[in-house]
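A.B. asks: Here it is: the structure, laid out below.
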Amino acid sequence: MVSKTNSRFLGLAIAATMLCWGASARAQNEVSGEQQGSAIPGASTFDEVSVERIRPQDLPEATPRLPPGLIRQSATTLPRPASLNELKEGARVVEAAVVEVIAVHMPPRPYRQTPMYHRGHGVWLSDAVQSQAVLVSTFDWLEDAQTIYVLPAHLSRQLAARDPNVGTATFRSLDSVTMGGLDTRWLQTHQSELIEVRRHQGTRHRNLVALVSTPPGGLSAPARALTIFDTNNALPLQAYGFSHFAGAALVPTHLIMAASENESLAFYLQNTFAAILGAPIVSPDGQLIALNALRDPAKPEISLAVPSAAITAFLQSLATTKP
Numbered sequence: 509m510v511s512k513t514n515s516r517f518l519g520l521a522i523a524a525t526m527l528c529w530g531a532s533a534r535a536q537n538e539v540s541g542e543q544q545g546s547a548i549p550g551a552s553t554f555d556e557v558s559v560e561r562i563r564p565q566d567l568p569e570a571t572p573r574l575p576p577g578l579i580r581q582s583a584t585t586l587p588r589p590a591s592l593n594e595l596k597e598g599a600r601v602v603e604a605a606v607v608e609v610i611a612v613h614m615p616p617r618p619y620r621q622t623p624m625y626h627r628g629h630g631v632w633l634s635d636a637v638q639s640q641a642v643l644v645s646t647f648d649w650l651e652d653a654q655t656i657y658v659l660p661a662h663l664s665r666q667l668a669a670r671d672p673n674v675g676t677a678t679f680r681s682l683d684s685v686t687m688g689g690l691d692t693r694w695l696q697t698h699q700s701e702l703i704e705v706r707r708h709q710g711t712r713h714r715n716l717v718a719l720v721s722t723p724p725g726g727l728s729a730p731a732r733a734l735t736i737f738d739t740n741n742a743l744p745l746q747a748y749g750f751s752h753f754a755g756a757a758l759v760p761t762h763l764i765m766a767a768s769e770n771e772s773l774a775f776y777l778q779n780t781f782a783a784i785l786g787a788p789i790v791s792p793d794g795q796l797i798a799l800n801a802l803r804d805p806a807k808p809e810i811s812l813a814v815p816s817a818a819i820t821a822f823l824q825s826l827a828t829t830k831p
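Just so you know, we're using the working numbering here: the sequence shown kicks off at 509 and counts up by one.
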C-alpha cells in the first residue's frame with residue numbers, strides 16, 4: 509500500500525512540475541513578444557518585417573561642428589613652422605610696406621609750447637575693393653597731432669641706427685616711442701626730406717585712419733602692399749610682429765584669444781608684441797592679421813590690436829570716399 513501511495517504522489521509531483529515549466533515558458537514567450545512588438549510596431553512575426561530603401565541624396569545635410577572654412581581637407585595644408593628663409597622673405601615683404609610715421613604734438617596751454625615727437629607706423633594696405641594701396645595707421649595717437657610726417661626709407665634706417673633701443677622687442681615705455689634720447693635737431697635738419705601727410709576719414713570706433721600726402725603726390729606706394737589675412741577660411745596659427753624698433757625683423761608674437769576684462773576694450777585683439785602705434789602683426793608670408801594700437805591699461809605687458817575684420821570694413825568704406 510505504501511509503495512502504491514508513494515508512486516501516486518511522485519506522479520502528481522512530476523505533473524505539477526511540468527505544468528510550472530510550461531507556464532513559465534509561455535510567460536517568457538509573451539514577454540519576448542511584447543518586447544519585439546515595442547521594437548517593431550505592427551510586426552508580430554519576422555516575415556512581416558520590411559526594409560525601406562533610402563538613396564544617399566534623400567538624407568538631410570550634416571551640420572558641421574566647426575565652420576566649413578576651418579576644416580582642413582588635405583594633409584598638405586596642415587600647419588607647420590615657417591622656415592628661416594620663409595621668415596626672411598616675409599620680413600622683406602612687410603618691411604617694404606611699412607613706413608615710419610612721426611607725429612608732432614604740442615602741449616595744451618598754458619604749458620610751455622615745446623613740441624613732442626611720437627614715432628609710430630604706417631602700413632600700405634590693399635584689398636579686393638580698394639584697388640589702390642592706402643597708407644593706414646591707428647587713429648588714437650594721430651588724432652590730436654599738429655603735424656604728421658612720413659620718413660623716407662633711407663631716413664628711417666638712419667634714425668634707427670642712432671636709436672640705442674633698436675633690436676630689442678621688449679617692453680617700450682612712452683619715452684621710447686617718442687624721440688626719447690635722440691637729438692630732435694636731427695629731425696629739424698632733415699625736415700626738407702620729410703613727407704607731410706594729413707588724416708583722412710579717421711574713425712574712433714575702429715581706431716583707424718588713412719594718411720594722404722599734402723600736397724597730393726608726395727607719397728609713393730610700394731610695388732606690393734600688404735593684403736588682409738582671410739580669417740573666414742583659416743585661422744592665424746602663427747603670428748609675427750614687425751617694427752623698425754625691433755630691428756626690421758619678424759618677431760614671434762602670441763595672440764591671446766580670451767575676452768578682455770575691460771568691456772570698453774572688447775573689440776581689440778590681445779597679443780604680446782611690444783611695439784604699438786600702428787605696428788603690424790602678420791602671418792609668416794606677410795598677410796596682415798592686426799594693427800597694434802595701444803597697451804592694456806590694467807596689464808601693460810599686453811598690447812591691444814585692431815583685428816582684420818575692422819580693417820577690412822575700414823578699407824571698404826574708403827572706396828566710397830575721396831581723399
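From the three backbone atoms N, C-alpha and C, an ideal C-beta is built for every residue, glycine too.
(1) Looking only at its chain, what residues have a beta carbon closer than 7 Å to the beta carbon of G794, apart from the 5 residues adjacent to it on each side?
(2) Should Q654 be labelled buried (16 or more other beta-carbon atoms within 10 Å of its own) or exposed?
(3) Do the CB positions of P792 and E594 come within less than 7 Å of each other?
(4) Please identify the residue among S728, M614, L823, E556 whose C-alpha is closest to the C-alpha of Y625.
(5) Just to check my reading of the structure: A729 and A827 have Cβ atoms closer than 8 Å, yes? What is that Cβ distance to the nearest angstrom?
(6) So, V658 versus V606, is the Cβ gap smaller than 7 Å?
(7) What do you reckon, are the CB atoms on W632 and L643 nearer than 7 Å?
(8) Would T697 and S816 be called neighbours here (beta carbons separated by less than 7 Å)?
(9) Could you have a look at P564 and say whether DSSP puts it in helix, strand or coil?
(10) Going straight from the alpha carbon of Q746 to that of H762, what length do you get?
(11) Output needed for T646: all residues of its chain with C-beta closer than 6 Å, excluding positions within five of it in sequence on either side, in chain order.
(12) What does the alpha-carbon distance come out to for the pair F781 and S811?
(13) Report the partner residues of H662 according to the DSSP bridge assignment.
(14) By Cβ distance below 8 Å, which residues in the same chain neighbour I656 in space, the five residues on each side in sequence not counted?
(15) Buried or exposed: I784, going by 16 or more other Cβ atoms within 10 Å of its Cβ?
(16) According to the neighbour-count rule (16 or more other Cβ atoms, all chains shown, within 10 Å of its Cβ), is D566 buried or exposed?
(17) Rounded to the nearest angstrom, what separates H629 and P568 at their Cα positions?
(18) Measuring only the C-alpha atoms, how far is L695 from P788?
(19) Measuring alpha carbon to alpha carbon, tell me which residue in P744, V790, D804 is nearest L461.
(20) Does DSSP put V819 in a helix, a strand or coil?
(21) Which residue marks the beginning of the beta strand (DSSP E) containing G598, and which one marks its end?
(22) Taking V841 as the reference, give the member of Q778, L702, Q699, D652 with the closest Cα.
(23) Straight-line CA distance for F750 to V759?
(24) For G710, which of D648, E771, R617 has the nearest alpha-carbon?
(25) For Q666, tell me which candidate among F753, K596, E809 has the shortest Cα-Cα distance.
(26) With 16 other CB atoms within 10 Å as the buried threshold, where does P616 fall?
(27) Thinking A813 and E769 are a contact (beta carbons under 8 Å), I'd like their distance in whole angstroms, please.
(28) How many angstroms separate the CA atom of S619 from the CA atom of S634?
(29) Since W632 is in the beta strand (DSSP E), which residue starts that stretch and which ends it?
(30) Does the beta-carbon of P564 have 16 or more other beta-carbons within 10 angstroms, so that it is buried, or is it exposed?
(31) Going by CA-CA distance only, name the one from L663, I736, R732, R712 that's closest to S700.
C.D. replies: So, from the data block:
(1) Counting only residues of its own chain and dropping the five nearest sequence neighbours on each side, G794 has a CB closer than 7 Å to the CB of G598, V601, V602, L734.
(2) Q654 should be labelled exposed.
(3) By the CB criterion at 7 Å, P792 and E594 fall inside the cutoff.
(4) The residue with the shortest Cα to Cα distance from Y625 is M614.
(5) The pair is not a contact, with the Cβ atoms about 16 Å apart (cut-off 8 Å).
(6) No, they are not a contact pair.
(7) Contact flag set, yes.
(8) Using a Cβ distance threshold of 7 Å, T697 and S816 do not count as a contacting pair.
(9) Residue state, collapsed to three classes: helix.
(10) The straight-line gap separating the alpha-carbon atoms of Q746 and H762 is approximately 8 Å.
(11) Closer than 6 Å at the Cβ level, and outside the excluded window around T646, lie N715, G786, L799, A801.
(12) Their backbone Cα atoms lie some 6 Å apart in a straight line.
(13) For H662, which the question treats as bridged, DSSP gives no partner whatsoever.
(14) Close CB contacts of I656 within its chain, under the 8 Å cut and outside five residues either way in sequence, are with V609, I610, A611, V612, L650, E704, V705, R706, R707, L719 (chain order).
(15) Buried is the label assigned to I784, since at least 16 other Cβ atoms lie within 10 Å of its Cβ.
(16) Classification of D566: exposed, given that the 10 Å Cβ count is below 16.
(17) Rounded to whole angstroms, H629 and P568 show a C-alpha spacing of 51 Å.
(18) So the alpha carbons of these two residues sit roughly 24 Å apart.
(19) An answer regarding residue 461 cannot be provided, because it is not within the stretch 509 to 831 covered by the chain.
(20) The identity of residue 819 in the sequence shown is Ile, whereas the question assumes Val. The answer is helix: DSSP assigns I819 an H, G or I state.
(21) Taken as a continuous stretch (DSSP letters only), G598 belongs to no beta strand (DSSP E), being part of the alpha helix (DSSP H) at 592-605.
(22) The question about residue 841 has no answer here: the residues shown for the chain are numbered 509 through 831.
(23) Between the C-alpha atoms of F750 and V759 there is a straight-line separation of about 6 Å.
(24) Ranking D648, E771, R617 by Cα distance to G710 puts D648 first.
(25) Its Cα nearest to that of Q666, the residue F753 stands out among F753, K596, E809.
(26) With fewer than 16 other Cβ atoms within 10 Å, it is exposed.
(27) Contact between A813 and E769 does not hold, since their C-beta atoms are separated by about 17 Å, which reaches or exceeds 8 Å.
(28) The residue you asked about is not Ser; residue 619 is Tyr in the sequence shown. So the two alpha carbons sit approximately 41 Å from each other.
(29) Looking at the DSSP string, the run of the beta strand (DSSP E) that includes W632 is 624-633.
(30) Sixteen is the threshold: since fewer than 16 other Cβ atoms of the shown chains lie within 10 Å of the Cβ of P564, the residue is exposed.
(31) Of the listed residues, the one whose Cα sits closest to S700 is L663.
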